[in-house]
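Trainee: Pasting a structure below so you can have a look.
There are 2 protein chains.
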Amino acid sequence: MSERRPYRRETEERRREDLILAALDLVASGGVQAATVRAIADRAGVTPGLIRHYFQTKEDLTRAAYHRLMQQMTTDSAAVLDDAPTDPRARLARFVAASVSPPVVDITSVGLWAGFVHDVQRDVAMREVHNATYLAFRDKLQELIAALPRTAPVAQLRREAIACNAVIDGLWLEGSILPEGFEPGEIVEIVLSSVGAILGVDLASTYTPDRTPA
Amino acid sequence: MSERRPYRRETEERRREDLILAALDLVASGGVQAATVRAIADRAGVTPGLIRHYFQTKEDLTRAAYHRLMQQMTTDSAAVLDDAPTDPRARLARFVAASVSPPVVDITSVGLWAGFVHDVQRDVAMREVHNATYLAFRDKLQELIAALPRTAPVAQLRREAIACNAVIDGLWLEGSILPEGFEPGEIVEIVLSSVGAILGVDLASTYTPDRTPA
DNA sequence: CTGCTTGTTATACGGTTGTGTAATTCCGGC
DNA sequence: GCCGGAATTACACAACCGTATAACAAGCAG
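Each protein sequence line maps, in turn, to chains V and D.
Take the first sequence: its position 126, counting from 1, is numbered 655 in the numbering used here, and each next residue is one higher.
Take the second sequence: its position 139, counting from 1, is numbered 668 in the numbering used here, and each next residue is one higher.
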């Protein structure tokens, strides 16, 4: 009776992308428990069996999705440096501010990230993805700090990078979970003044909030 | 054939406590998905049906478990203030240091907390528990900051409390997820110096690491 | 020592999960 | 144009999920 559903053949790259995005979408809106193979397939517009054709197991898809998430977040943070000014303070200020602003900070990002935390602690492959992206971000931060016009011993640089990264992480957390608890722009002001205080540099005055293109 | 399992009657308080602790234990070690009614009952040494006798639904048990977790964390942080010195700087230093040290920071705490994040964002009751405990912690921090021997406008106090809380949260995060990435005592040093820098106060010199009782 | 309350166990049920496997149909190469 | 391979669908399966309900027994009141 029932006709077999018609379909189109797609490239492997495209299908994997669709499935990963569908998985992330579901984790963001409904938690890890909502990201079942059937729900993922449904959102991606395919049937559940296809998942097993591109990912040997559901865990593989989970790993790929997490990898994609972290990659996206670091990309978003670093994107502002592409056309950033050459003044070291302004560069740092821009990078720091972007890390606590959309799209890095939004209502779903923390929930998304939190959904993977447990797997990160258990799964070796996911732990490596985490370490790589986390340290890459912190190293980028340390690099920007080292470029500041001041003298600081190397050992101090590491601790300053850890501290500044902690401020960013904490504000990212609070800003995402409790967005209505802060006034617009308040988090950016706080991150600039506190990072500036930690480093002994005035960042707020060098920061141009946004280059709102016409 | 099979004998009915023998059992002991317990008080309601005791059974609820056992079930809550079993649920937290499972979430910590295996994520939310591992905390099934059968697994919880098994760990608590009872049969699954008993859960529905003390909690109308599994969601009720989840709420109770989250409430218990947050309560425990704030209690652990505030405990160090019981016999703390009267010097405002020393009090703040002790409180801040305790917030990034065991038992608040340990390998399972973040995974445990992360497991509930999604429910917090969706469930109103859990959101209220979160806001209450989060703001209680931040207010306590602000209260300690306000007691410092210096003059600061009220509006500034709020932002300083947010910033210091962010540092603590960020270090709590990193220290729990990546414990081997930091040397012993390093996180405490960092939190004291950075919080001190944000507030313009020297905290590190007033901090007595631990009162190792004989 | 007997009876009653109720804490606790036992069992059942419909729905869902991840996975394995066979049947189809799309689509490029000839 | 059709043919073969592989992308995709369809179906089956055992295990597990949360929930509902009935049977049992533990321990206190008398």
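Heads up, the beta-carbon is just placed ideally off N, CA and C, and yes, glycines get one too.
Spell out whether any CB of chain D is found under 8 angstroms from the CB atom of V/Asp-698.
Mentor: It does: the Cβ of V/Asp-698 has a partner Cβ on chain D nearer than 8 angstroms.
Trainee: Just the Cα atoms here: how many angstroms apart are V/Val-724 and V/Ala-695?
Mentor: Between V/Val-724 and V/Ala-695, the C-alpha separation is close to 10 angstroms.
Trainee: Please look up how many angstroms separate the CB atoms of V/Val-730 and V/Ile-697, rounded, as I've assumed it's under 8 angstroms.
Mentor: At roughly 16 angstroms, the Cβ-Cβ gap does not stay under 8 angstroms, so V/Val-730 and V/Ile-697 are not in contact.
Trainee: Spatial neighbours of V/Arg-543 within its chain, please: CB distance less than 6 angstroms, with the 5 preceding and 5 following residues excluded, ordered by chain position.
Mentor: Counting only Cβ-Cβ distances below 6 angstroms, and skipping sequence neighbours, we find nothing.
Trainee: Can you grab the Cα-Cα spacing for the pair V/Arg-667 / V/Trp-701, in whole Å?
Mentor: Each residue's Cα considered, the two are about 15 angstroms apart.
Trainee: Return helix, strand or coil for V/Gly-704, following the three-state DSSP convention.
Mentor: It is helical.
Trainee: Can you name the residues of chain D whose CB is closer than 7 angstroms to the CB of V/Gly-827?
Mentor: Here chain V has residues from 530 to 743 only, and residue 827 of chain V is not among them.
Trainee: Measuring alpha carbon to alpha carbon, tell me which residue in V/Ala-552, V/Ile-674, V/Gln-600 is nearest V/Thr-591.
Mentor: When each option's Cα is compared against that of V/Thr-591, the closest is V/Ala-552.
Trainee: Specify the secondary structure class of D/Ala-654 as computed by DSSP and reduced to three states.
Mentor: Three-state result, D/Ala-654: helix.
Trainee: Which residues bound the alpha helix (DSSP H) around D/Phe-584?
Mentor: Run containing D/Phe-584: none; DSSP gives neither H nor E here.
Trainee: Where does V/Val-639 fall in DSSP's three states?
Mentor: V/Val-639: helix per DSSP, three-state reduction.
Trainee: Go to V/Leu-553, then tell me how far its alpha helix (DSSP H) extends in each direction, as first and last residue.
Mentor: Here the alpha helix (DSSP H) through V/Leu-553 covers 541-559.
Trainee: So, is the C-beta of V/Gln-671 closer than 8 angstroms to a C-beta in chain D?
Mentor: Not an interface residue.
Trainee: Counting only beta-carbon atoms, is V/Ser-723 nearer than 8 angstroms to chain D?
Mentor: For V/Ser-723, the answer is yes, since a Cβ of chain D falls inside 8 angstroms of its Cβ.
Trainee: Relative to the C-alpha of V/Gly-710, which residue among D/Ala-675, D/Ala-661, D/Gly-560 is closest?
Mentor: For the residues D/Ala-675, D/Ala-661, D/Gly-560, the minimum Cα distance to V/Gly-710 belongs to D/Ala-661.
Trainee: Taking the Cβ atom as the reference point for each residue, do D/Ala-626 and D/Val-633 lie within a distance shorter than 8 angstroms?
Mentor: No, the Cβ-Cβ distance between D/Ala-626 and D/Val-633 is not below 8 angstroms.
Trainee: Ignore the nearest five residues each way along the sequence and tell me which others in D/Leu-670's own chain have a CB closer than 7 angstroms to its CB.
Mentor: If we look at D/Leu-670 and ignore the five residues flanking it on each side, its Cβ neighbours are Ala-690, Cys-693, Asn-694.
Trainee: Quick check: is the beta carbon of D/Arg-679 nearer than 8 angstroms to any beta carbon in chain V?
Mentor: Not one chain V Cβ lies under 8 angstroms of D/Arg-679.
Trainee: Suppose the cutoff is 6 angstroms on Cβ atoms and the five residues either side in sequence are ignored; what does the same chain contact list for V/Ser-606 look like?
Mentor: So the list reads Ala-627, Ser-628, Val-633, once near-sequence residues are dropped.
Trainee: Check whether the stretch 614-625 of chain V and the stretch 604-623 of chain D are in contact - that is, three or more C-beta pairs closer than 8 angstroms.
Mentor: No, because fewer than three Cβ pairs between the stretch 614-625 of chain V and the stretch 604-623 of chain D fall closer than 8 angstroms, the two stretches do not touch.
Trainee: Take every Cβ of the stretch 552-564 of chain D, pair it with every Cβ of the stretch 636-653 of chain D, and state whether three or more of those distances are shorter than 8 angstroms.
Mentor: With a cut-off of 8 angstroms, the stretch 636-653 of chain D and the stretch 552-564 of chain D count as touching, because enough Cβ pairs lie within range.
Trainee: Can you check which of these residues, D/Thr-735, D/Thr-576, D/Leu-728, D/Leu-548, is closest to D/Pro-682 by C-alpha distance?
Mentor: Checked all of D/Thr-735, D/Thr-576, D/Leu-728, D/Leu-548; the closest Cα to D/Pro-682 is D/Leu-728.
Trainee: Give the residues of chain V in contact with D/Glu-726, contact being defined as C-beta atoms less than 7 angstroms apart.
Mentor: Rather than Glu, the amino acid found at residue 726 of chain D in this sequence is Ala. Within 7 angstroms Cβ-Cβ: Ala-726, Ile-727.
Trainee: Beta-carbon within less than 7 angstroms of V/Val-717's beta-carbon, same chain only, minus the 5 sequence neighbours each way: which residues are those?
Mentor: Contacts found: Ala-626, Val-629, Ser-630.
Trainee: What number of angstroms, rounded off, separates the C-alpha of D/Val-653 from the C-alpha of D/Ala-594?
Mentor: One C-alpha to the other measures close to 15 angstroms.
Trainee: With a threshold of 8 angstroms between beta-carbons, can D/Gly-644 be considered close to chain V, or not?
Mentor: It does; some Cβ of chain V falls within 8 angstroms.
Trainee: For chain D, find out if any of its Cβ atoms is closer than 8 angstroms to the Cβ of V/Leu-686; answer yes or no.
Mentor: By this cut-off, V/Leu-686 is not an interface position.
Trainee: Within the continuous alpha helix (DSSP H) that includes V/Phe-624, where are the two ends?
Mentor: From DSSP, the alpha helix (DSSP H) with V/Phe-624 extends over 617-628.
Trainee: Work out the CA separation of V/Tyr-663 and D/Glu-703 for me, nearest whole Å.
Mentor: Rounded to whole angstroms, D/Glu-703 to V/Tyr-663 spans 9 angstroms at the Cα level.
Trainee: Going along chain D in order, which residues have a C-beta closer than 7 angstroms to the C-beta of V/Val-639?
Mentor: Per Cβ cutoff of 7 angstroms: Val-646.
Trainee: Taking only three categories from DSSP, how would you classify D/Tyr-736?
Mentor: Residue state, collapsed to three classes: coil.
Trainee: Can the beta-carbon of V/Ala-643 be found closer than 8 angstroms to that of D/Ala-643?
Mentor: In contact: V/Ala-643 and D/Ala-643 (Cβ atoms closer than 8 angstroms).
Trainee: Starting from D/Leu-702, find everything on chain V with Cβ-Cβ shorter than 9 angstroms and list it in chain order.
Mentor: Those within 9 angstroms of D/Leu-702 in chain V are Ala-695, Asp-698, Gly-699, Leu-702.
Trainee: So with Cβ pairs under 8 angstroms, would you call D/Thr-741 a contact of chain V?
Mentor: Low local confidence applies: a pLDDT of 44 at D/Thr-741 is under 50, so the model's placement there is unreliable, with the coordinate-based value given in what follows. So, not an interface residue.
Trainee: Below 8 angstroms on the Cβ atoms is my guess for V/Ala-573 versus V/Leu-548; work out the distance and round it to an integer in Å.
Mentor: Contact holds; Cβ gap of about 5 angstroms.
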